[in-house]
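A.B. asks: Okay, handing you the structure first.
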Amino acid sequence: MKWLVVVLLCLQLLEAAVLKVPLKKFKSIRETMKEKGLLGEFLRTHKYDPAWKYRFGDLSVSYEPMAYMDAAYFGEISIGTPPQNFLVLFDTGSSNLWVPSVYCQSQACTSHSRFNPSESSTYSTNGQTFSLQYGSGSLTGFFGYDTLTVQSIQVPNQEFGLSENEPGTNFVYAQFDGIMGLAYPALSVDGATTAMQGMVQEGALTSPIFSVYLSDPVLESSGLGPPLTPSRAAPPSSTLQLPGKPLEQTWNILTPFTKTLPVSNLSRKVTSWARVGLSTCLPEAGSGGERRAECGVGVPTTRGPPRCQHHSGA
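Mind the numbering: the sequence shown is residues -16 to -1, 1 to 298 in mature numbering (1 follows the signal peptide of the UniProt record, and there is no 0), read in order.
Structural data, given as structure tokens:
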């Protein structure tokens, strides 16, 4: 399986050293359902789209539903002592970390790797329950605490969710086991400590900053794709520096199938836009140039497809 994407957790421990977490590209939920002849019926009965999580007030947006189902890039993390491995979706639209547990008997759980608390010597829990709603699925469970390992980073006593029930069929066809949310703490359900917060509190990261490098499958297959190194995290044409001021809430990228974006009802003047592929991001009024980073998206400085996505999760 080719490595198509690298998530870069930006460390400042050894002169801005970069920790690279390789991601694999798998079939998306949409692709899997289509192959099994289930996609049409699923789309007819599931109209909700995660874009509605972030309302733009009087800004009207039309889009294709279920864009979340196209997620296809996942990476490996470990939880517990000894470590239990899980393939997770690094989600920039949510903040909680969760994996299936052995207490979950839903088909979506039994078909994936499940965390077994009794096999970890560092596990603990206070029994607090939670419920999470995603654009393409929901689940319930309880919170636990254990050692989280992401490449060379270890975070002891990291809070995470253990699912007990994953209803529906969407997660059944997902290639990933769980989700590691990378968004802001303000979005964390029940105020759970996010993985990014845990890394900062542990001193593994000095700032809650990461970037995502999306390699070009065509160039990679031809052997022309540039490798990523600590001194060359991404091609200059697709690198965008994050703004210096701290961000506290969230950023939004409209779905890949956005068709209309009327701004006639906006009370403030829009002076700049950030565009990534077919996605469009609306920055704050008066922003321009470098401040486009407030939208959390990479904007190429020269011609060519954008490849880098930046985000700060305070």
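Note that the Cβ used here is the ideal one computed from N, Cα and C, for glycine as well.
Am I right that S108 and N69 are in contact with their C-beta atoms under 8 Å? What's the rounded C-beta distance?
C.D. replies: Not really, about 20 Å apart at Cβ, beyond 8 Å.
A.B. asks: In chain order, what residues of the same chain lie with their CB nearer than 8 Å to the CB of E143, ignoring the 5 residues before and after it?
C.D. replies: L81, F127, G128, Y129, A176, T177, G182.
A.B. asks: Give the straight-line distance between the Cα atoms of S104 and E186, rounded to the nearest whole angstrom.
C.D. replies: Computed Cα separation, rounded: 20 Å.
A.B. asks: Under 9 Å, do G162 and E148 count as touching if we go by C-beta distance?
C.D. replies: No. Outside cutoff.
A.B. asks: Which stretch, first to last residue, makes up the alpha helix (DSSP H) that contains E186?
C.D. replies: 179 to 186 is the extent of the alpha helix (DSSP H) around E186.
A.B. asks: Between T113 and the rest of its own chain, which residues show a CB-CB distance below 6 Å, the 5 nearest in sequence each way excluded?
C.D. replies: Correct list, in chain order: F126.
A.B. asks: Could you please give the first and the last residue of the uninterrupted alpha helix (DSSP H) stretch that includes Q91?
C.D. replies: Looking at the DSSP string, the run of the alpha helix (DSSP H) that includes Q91 is 91 to 94.
A.B. asks: Hey, would you say N141 sits closer than 9 Å to T190, going by beta carbons?
C.D. replies: The answer is no: Cβ separation not under 9 Å.
A.B. asks: At what residues does the beta strand (DSSP E) containing P84 begin and finish?
C.D. replies: Per DSSP, P84 belongs to the beta strand (DSSP E) from 81 to 84.
A.B. asks: My understanding is that M180 touches V72, with C-beta atoms under 8 Å, so please give their C-beta distance in whole angstroms.
C.D. replies: Wrong, their Cβ atoms sit about 14 Å apart, outside the cutoff.
A.B. asks: Just to confirm my understanding: we take P101, look at its own chain, exclude 5 residues before and 5 after, and list those with CB closer than 6 Å. What are they?
C.D. replies: Around P101: Y107.
A.B. asks: Buried or exposed: R28, going by 16 or more other Cβ atoms within 10 Å of its Cβ?
C.D. replies: So R28 counts as exposed.
A.B. asks: Assuming contact is defined by CB atoms lying nearer than 9 Å, are L116 and G145 in contact in what I supplied?
C.D. replies: Yes, the Cβ-Cβ distance between L116 and G145 is below 9 Å.
A.B. asks: Flag G64 as yes if its beta-carbon sits less than 9 Å from any beta-carbon of chain D, otherwise no.
C.D. replies: Judged by its chain identifiers, the structure shown contains no chain D, having just a single protein chain.
A.B. asks: Exposed or buried, what is Q159 when buried is set at 16 or more other beta-carbons lying within 10 Å of its beta-carbon?
C.D. replies: Label assigned to Q159: buried.
A.B. asks: For S248, which residues in the same chain have their Cβ closer than 7 Å to its Cβ, ignoring the five residues on either side in sequence?
C.D. replies: At S248 the pLDDT is 44, less than 50, meaning the model places this residue with poor confidence; the figure from the coordinates comes in the next sentence. Contacts found: none.
A.B. asks: Cα separation between V139 and E25?
C.D. replies: The straight-line gap from Cα to Cα measures roughly 42 Å.
A.B. asks: S90 and E19 - do their beta-carbons sit closer together than 9 Å?
C.D. replies: Not a contact, by the Cβ cut-off of 9 Å.
A.B. asks: What does a CB cutoff of less than 7 Å around I61 pick up in its chain, not counting 5 residues either side in sequence?
C.D. replies: Same-chain partners within the cutoff: F70, V72, L132, T133, V134, M164.
A.B. asks: If you check the beta carbons only, do L123 and Y57 fall under 9 Å apart?
C.D. replies: Not a contact, by the Cβ cut-off of 9 Å.
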